[in-house]
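Protein chains in written order, with our numbering: chain A, 14 to 603; chain B, 13 to 336; chain C, 724 to 1053; chain D, 292 to 591; chain E, 9 to 327.
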Amino acid sequence: MTQSQITRSRVMRRIGVAVAATIAISTLASTGSQAASNPSAPKYGGEVKVGIFDTFPGFCVGNNPANSALMATRTVYETLFEKTRGNDFVGLLAKSASVSADLKTWTVELRPGIKFHNGEAFNAAAAVTNFMNSSGMNFLGVAATKGPAAATAAYGHTLGTAVPFQSNVLKATAVGETTVVYSLDRPQNDFLGTLYASGRGFVRAPAQLIDKTTCSGTPIGTGPFKAVSFTTDEMIVAKNAEYWRKDPVTGNKLPYIDKITFTNIKESSSRQAAVQRGAIDAAMFSGASEGQYIQALRKQKQLVEYKSPAEYYPSLWLNQGKPGSPFKSKNARLAVLSCIDRVNWVKTRTKGEGVVSKSLVGPNNIMYTTSGFQKYSVEEAKKYVEAYKAETGATELAFAGPTDTSSVSVGNAKFFQTMMAKCGIKYDFVTEEGAVIIGKAFNPSPAAGSHYNAYDSIAILLFEGTDTTFNLPFVLTNGFASTSKNPLAGIFRTSIGSILGLNHHSNTDVDKLFYEGQAAQSKALAASKYKAGTALLQTEAIMGATFYFSYELFAGKSLGGIGKTPIELKKTQRLMTNWGIDWAGVYKTK
Amino acid sequence: MSSLLKIDGMSVTFATPRGNLRAVNDVTIELLQGESLGVVGESGSGKTVLSRATMGLLPGTATRTGTITYNGKVISELPKDEVRELWGTGMAMIFQDPMTALNPVRRIGSQLTESLTVRLGMDKKAAKLKAIELLKRVRIPDPESMLRKFPYQLSGGMRQRIMIAIAVSCEPELLFADEPTTALDVTVQAQVLDLITELRKESNMAMILVTHDLGVVAGHTDKIAVMYAGDVVEYAPTRQLFSNMKMPYTEALLKSIPRLETPTGSRLPVIEGRLPDPTKNEPGCPFANRCPYVQDKCRAEKPPLKDAGNNHFYRCWFPIGGEK
Amino acid sequence: MAGSGKAHMRPDGDTVLTVEDLTVEFKLGKDKIVKAVSGVSFDLVRGETLAVVGESGCGKSTLGKAILQLPKPNSGSVNFLSTELTTLGKKELRDMRPAMQMIFQDPVSSLDPRLPVSEVLAEPLRVWKRGNQVEIDAKIDELLNAVNLDPKVVRDRRSYEFSGGQCQRISIARALALDPTMIICDEPVSALDVSVQAQILNLLQDMKDRYGLTLMFISHDLAVVKAVSTRVMVMYLGKVCEVAPPDELYQNTKHHYTRALVASVPIPDPERPISSGFIQGEPPSPMNPPSGCRFRTRCPAASEKCAAEEPQLREVAVGHFVACHHPIEE
Amino acid sequence: MSSTEQIATTDIAPVQKARKKRPFGFYLAGFWVALILFLAVFGDFLPGPQWDESFYDSLGVAPFHQSHILGTTLDGYDMYSGLVHGARLSVFVALVAVIVGGAIGTVIGVASAYFRGKIDVVITMAFNIMLSIPNLVLSLALISVLAYSDENNPASTTRRVGVLMLSLTIVIIPILGRIARGATLQWSSREFVLASKSMGTTNFTIIRKHILPNVAPAILAIGFLAIGSVIIVEGSLAVLGIGVPGGGSWGSMLANGRGNIAFSPWEVYLPAGAIALTVISCNWFGDYVRKALDQRESKI
Amino acid sequence: METIRMIFKRIVLLSTVVVIATFLLSLLMRLLPGDPAAVLVPNAPEELRALIREETGLSKGIFGYYWQWLSGMLQGDFGKYYLNGGYRPVSEVLKKCLPPSLFLILYAQIVALALSIPLGLISAYKENSRFDRITSSVLFTAVSIPAFASGIILSLIFAVQLGWVDPIGYESPFGNPVEHFKLMILPVTSLAIGLTSSYTRLLRTDVIATLKEDYVTMAASKGISNKRVLWKHVFRPSSTTLLTSAALNMGGLIGGTIIVEIIFVIPGIGYEIAYSIGARQIVAMQTLIALVSFAYVFFNSTVDLITNITDPRTRERRV
């Protein structure tokens, strides 16, 4: 299991919807309040440097920046909704939302008077344009009349990976200036999660979306900062003087800071040293692979730690669809999943920063259940290996998986290899650049003789949060339901729809349980359906998990106001997530 | 004529990985003003070391003993900087290989005027005029254009002329010429030797001409020192040496030179054997095991430098024609 | 002077080698052609020693190598033992090689420093499969004895343990190994001290007598040449000036260049200083030789005719040939 | 005739055997190289912890620990057995690349310089082209292409090590080839080659008997230096994440430990020291051979 | 005339080498198994791949592709990054990444030359002295420490533990010159260590050889001061080798900075090369490598040409 893929994966930033508000506020909320004990009035001006650990691939719908790069991107783009610390939704660009009784029509009211950085008005039409782009509807329209090549030419090089997440939407309609109506295919109680989301729900200026040549290089949003320049490893943003938000408590105009530079500092030790020394004002870290740095930084009195909830659940995906993969056999899957020494993994690889998994997701998630979860036992694993050999006539249980080139990932792969060897399982790893791995794991049009997912197994972070909207497309047999009336379903069910389920299983009982959960009118019913689905995934050994973890931001005391500026009174957005903090209310104390 | 240079009991030793190598042994030589001395010997005889040691141009691994008196002043004990004052203006040197003795990356003009400006303090213009005059003196046609040339553009004879011009530029009193014509063709050699002699006569310059060729020294020197294995084995005025040589080695050397008069097909006399190992200090005459007249005494004891009168010295127990 | 012609050829003699109109040119980049040897003709009669004399750049060494086809000459014919070498194929030429051998100027460079003497001498014998190991060993001892080296002492030593003279002895032994008919000696003694020089010259004479060799002796030193040769050919800038037996050449010099050469030889006699009076300057570049007689730019007797017309070799006395429009009159 | 028989034999200078007092560095470098070679060959038979086993209870212990003599990494891998195992990979990769690349380069370089003409022009050009791309970039490009794994045959560790060696070999060819060419040019102009030719020796024999033995020391000298640079290039590739996969080589150890330098600096210092010592030793030998060669050349 | 012809010949040779090298690179790219467009954009639909094949010329066979790439280069179109759906012109990346690399190389060269010229001259002049032996052994050790090790260790000591400078980053000299130089200290040092060693050794050897030349003795025999002999007669002919090697390193260093740029997070061309290779952006990679090899060949030829014109010795060889 290679966790740093996890942290680095450029896939699928997810959406979450709070159907059940079971999540406690971040345990570290008190840590955040340390800043409050150091009160200083917000000041305008100043420049800030931030260290991150992902690269910037570009800013169009098709570009999917990873976690920490999203933190930079969200200073330029905003979403319709944000999630609160109470796991509720608060409108950001939207004001409010309402749903019909059959859970199939969602009406969203937008905030009026917001303008994009280029002066364009943000209104219902702009919101629909964004939806049409990210859902693939526009692409389809051109493709239908002029062919796919023309569609590609018109809409940039790739479609956004948001397509399967929005597969349940049949149509979005602008009603007047500020109202958008979304018509759904199936009933869905957690639809708003689709409009939130790390990156997938970003709202871009229509002018940017139309021009495919500048789309990925010229981000134009509504956010507190305007993009100045970017390279693969650096993004510079400057204050948007026209920003719409005001601090609801003090009435101050936002943002405070003039300029922020986000730099990718891939090497953890360098990032740690830089923030510790004050060369940068803040740096983000991942609990999955950077435990020792987080622990070292915690001892630094001049730094403040901002920690996300432990809601990131990496998992091991076993590919049943690929020719030559052993995992068509349940015995093989059981053997591998019984061979995961989670306790020592957490100790050795995360330096104690992770939490040992007892389910595919953490206890904060509505899907959480320990039922059917495969426990660590070398003896059991060996028995399954024997059973696998007897069943298939194979001489050994052998499989391969990718790892990216970072030393942490290679270390993880090595650890995994040794672990598997103890159970008599042969594991080979292939080192490839993260982006290449993602490309080959989620391959919409594989060459003849190969498979959508090129790997026997892949360890990757796909599950997160407290709800299911973001997790669902990955566990279902297809991102587009077989009964879907979505006009895209026809052409995308084979490619885009099927690539998300990395394990390529064919158990439609899973689909059924999760769809029932989404259609449930009560939280309790939804939870029971989801848990049953998770239990089924665990019993059938469709995928496995090792641990879960949180993200951290360390900032010097020169930064004030982090997590102090709610979007609306009493509706404070989350302090820290995998896509960082909200920079609008941050100011320099010196 | 007064004494210009006096070398008294000079020895030179090199520290080598195989031990101390004695290159020059207890050499005593005197040179008058305007006089020319030929130092003759085969390779390994120490003739080149002798000339460089006299001038003080030895590498750091060498040790020199003995006294050198120049113009009545003992220069062997002087610090290097003061000796250097004499170089160029008092003593100058020309080298064997005109290909390597001129700096390949600097123009003839700058090499020629360097000592004029640095040593004589001339200004550039005067130095250039003087350089042109020097080039004329060494019979170089079109001297102006020559100043702008690089050494590679010249023939061997031309380069040797340039080198001579550089050496005589500060009107030295003593010229060391180390095999100045060995690298040249015979017809050119004759021209260069004549040129040197002419220049010497013009300015009453003394010269030490180092060569392996008795034929070269015969016509161009006043006296000759024959060297063998670091020793001066015979030292005499030129005519005296050729007409009345005392040393068997000198005789053997002279005989082994092929001459135009040698009848075709006749056998040439040879010197058998080899030079003694310069790192070992063996007793006896170093020429003993090659000498046709060798006797037991030669092997046991090294002969001292003997005086035959008429400024004729030799190092032999049993000289040709007997002792005086 | 310095002309062409074949008057000096002896077609009736027992010739070992006949060279006609041999030309060798080297290309040094575009339009830069060194005319090293230009239309030289001569022959070698069995048992004679022909000396080729001239200053550096006159083409004498190139001539020697061109005869051995190392490399092949640009034009002209080389007839060795009635076989035309220039047109031979690789294989046939190789078969001719044992009969013609060469000794080089630099005694140290002509021996492979890594090989012991026995290997140096065994190489040609092995290449030509002259006997088994025992026979080869015997031959090596014989050769070393012939050049006055004690086989017991020298067999296993390498070239750098020897003096120049000893190296040259080994080279001679190697050249003798294949019982050649002709040996070309390219300045074999010019890198040696005078005392050693005499040893080698004597040795060459001995070997010539002992093995009935025909020698071509290339040298810049007239005095050395005088000692060994039976016939002398003077070259200047790739052309032949004068051909004569040595005594005739020195006593009855006809060519102005030969006279200058003779006069320039340093004589170890204070009463007879060398003279530079006859010619001045240095030879012109072989890339751009003068028209007509190539010596005319330095010749005291040059006339307009010399520039216009190339002199041909003609006989001025018995066996004495000169290429000059205005030969020296007695 | 005045010359006596056998004259030339009596006056052969007795062989001057230079006192073989080798510098201290010779023994130091020799000891280190011998140690590394010994570990590379017999490392597996020596007692000690598994190199690829993570010791959960001893994460990041400092050197001189009772069961981990050189300590462990922050991830619990034993440093001593890692270094021993790394010796094998690093040395093996370097030796194979230099020996194979050197052999090919020598053959090409010697042939090119010996036969001259058009072949020489083409080969010189080819060398220049290859040398025009910096070592590291060339091996990066080669590895990224050659070790590309399509979905049906993921590049296995063995294949990647093979590709790594192949790439480094390709990098070595022009470097040693050029040295071989230069040395051959110099040697083939010596007269003994001409002498051998004039005796009818075939070109092949001349190359085998005269050129190769004389060119060999120069190649050996540069070959030692090349081993050092290959070890460095391999380390650099590892730092870039594409060295010997699985983190076995010294370079990979250093790359893996790089992030932990503030916590367990021995993870960096030990492999860096091993690399530096080996490179110093190789350079030292290269220098020694070159100096010996210079001395011999000056004698010749 | 002679010189102009020589320059012309050089240009022809230079272009030939670069064209062949880049063509071989394209050929190498085509050795990749499978569809090169799939390598560029692994998760794109077939339609998009077709489009990219068309755009890059990959659809036209090796010669067509190469011709399209080459003519694009000549017209200033350096190709694109196709990573992750979006694309960015390589020229845009180059504008950003060239200056840091050039500054880095320039400083490393200046530092290395400034140190090695006096060190080399003095240790050659005092050959086998204590100074010479100490300098030699220190430099010998230094040259054996790879840049990645020295970089990491320097950064640990001076940035992390002592905190004198920032461990990583790059600042433009025009925006913040002080910070620019401070940030450059460590990377320049780790690059310059090896360079200084090799330059000093080179110069030392060369000066020792030159000191033995007759013309140096000749110059000394004129009675001019040692200093003058050393600078006017020894240094100048010896410096040719040094400067040649320094200039050759300019090209080589562009590649050699990869490691240093990665360790110190300097957004230079080495960094971009490593990135494009890792991300299998073969078009961008081909362009970047072509530029480096062009730089190398260009510096190589220019230096050769300059020494040809200025150093009479090479002319001598030619004649």
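Virtual Cβ for every residue (Gly too), placed ideally from N, Cα, C.
Model, not experiment: these values are computed from the prediction.
Determine which residues share a DSSP beta bridge with Ala-558 (chain A) and list them. A:Ser-328
For Pro-504 (chain D), three-class secondary structure by DSSP: helix
Along the chain, where does the beta strand (DSSP E) containing Thr-60 (chain B) start, and where does it finish? Segment 59–67 is the alpha helix (DSSP H) holding Thr-60 (chain B); no beta strand (DSSP E) there.
Grab me the residues of Gly-21 (chain B)'s own chain with a C-beta within less than 8 angstroms of its C-beta, minus the 5 sequence neighbours each way, in chain order. Asp-38, Val-39, Thr-40, Thr-77, Gly-78, Thr-79
On the criterion of 16 or more Cβ atoms from any shown chain inside 10 Å, does Tyr-57 (chain A) qualify as buried, or is it exposed? exposed
Just the C-alpha distance for Phe-107 (chain B) and Cys-573 (chain D), rounded to the nearest angstrom, thanks. 42 angstroms
Can you pull the chain B neighbours of Asp-222 (chain E), defined as C-beta to C-beta under 8 angstroms? Phe-107, Gln-108, Asp-109, Thr-112, Ala-113
Could you compute how far the alpha carbon of Ile-19 (chain B) sits from the alpha carbon of Glu-42 (chain B)? 6 angstroms
If you measure between the beta carbons of Gln-179 (chain A) and Gly-569 (chain A), is that distance less than 8 angstroms? no
Limits of the unbroken alpha helix (DSSP H) element including Tyr-133 (chain E): 98–133
Can you name the start and end residues of the alpha helix (DSSP H) that Lys-235 (chain B) belongs to? Not the alpha helix (DSSP H): Lys-235 (chain B) falls in the beta strand (DSSP E), residues 235–240.
Per DSSP, which one or two residues make a beta bridge with His-1043 (chain C)? C:Ala-1040
For a contact meaning CB atoms closer than 9 angstroms, what does Thr-431 (chain A) contact in chain D? Gln-341, Asp-343, Glu-344, Ser-345
Is the segment 928–935 of chain C close to the segment 956–967 of chain C, with three or more CB pairs under 8 angstroms? no
With DSSP as the reference, label Trp-172 (chain E) as helix, strand or coil. coil
Could you tell me which chain A residues have their CB closer than 8 angstroms to the CB of Asn-366 (chain D), listed as they occur along the chain? The sequence given here has Asp at residue 366 (chain D), not Asn. Going along chain A in sequence order, the residues near Asp-366 (chain D) (Cβ under 8 angstroms) are Thr-361, Arg-362, Gly-424, Phe-428.
On a Cα-Cα basis, can you pick out the residue from C:Arg-769, C:Gly-780, C:Pro-734 that is closest to Ser-1008 (chain C)? C:Gly-780
Could you check which residue in A:Ile-473, A:Ala-348, A:Lys-96 has the C-alpha nearest to that of Val-398 (chain A)? A:Ala-348
Using a Cβ-Cβ distance cut-off of 8 angstroms, determine whether Pro-192 (chain B) contacts chain C. no
Can you check the segment 772–846 of chain C for any beta strand (DSSP E) of at least 3 residues that lies completely inside it and give the ranges in chain order? 772–776, 798–803, 823–826
Chain C within 8 angstroms of His-224 (chain B), Cβ atoms only: yes
Note the first and the last residue of the continuous beta strand (DSSP E) segment covering Ala-413 (chain A). 410–416
What does the alpha-carbon distance come out to for the pair Val-119 (chain E) and Met-81 (chain E)? 34 angstroms
Ser-50 (chain A) in three-state terms, based on DSSP: Bear in mind that a pLDDT of 41 at Ser-50 (chain A), under 50, signals an unreliable position, so the model cannot answer this.
Chain-ordered neighbours of Ile-470 (chain A) on chain E, where CB pairs are closer than 9 angstroms: A quick correction: the sequence has Ser, not Ile, at residue 470 (chain A). Result: empty, since nearest Cβ-Cβ is about 18 angstroms, beyond 9 angstroms.
Taking Cβ positions, are Tyr-261 (chain B) and Val-282 (chain B) nearer each other than 8 angstroms? no
Just grab the DSSP bridge partners of Lys-96 (chain A) for me. A:Phe-102
Around the Cβ of Ser-50 (chain A), are there at least 16 other Cβ atoms within 10 angstroms (buried) or fewer (exposed)? Since pLDDT at Ser-50 (chain A) reaches only 41, below the 50 mark, its modelled position is unreliable, and the value read off the structure follows with that caveat. Answer is exposed; the Cβ neighbour count stays below 16.
Quick one: which chain A residues come within Cβ less than 7 angstroms of Lys-104 (chain E)? Thr-244
Spatial neighbours of Gly-736 (chain C) within its chain, please: CB distance less than 6 angstroms, with the 5 preceding and 5 following residues excluded, ordered by chain position. Val-768
Using the Cβ count rule (16 or more neighbours within 10 Å means buried), how would you classify Arg-138 (chain E)? exposed
Residues, ordered as in the chain, of the segment 285–296 of chain A that lie near chain E by beta-carbon distance below 7 angstroms: Ala-286, Ala-287, Arg-290, Ala-292
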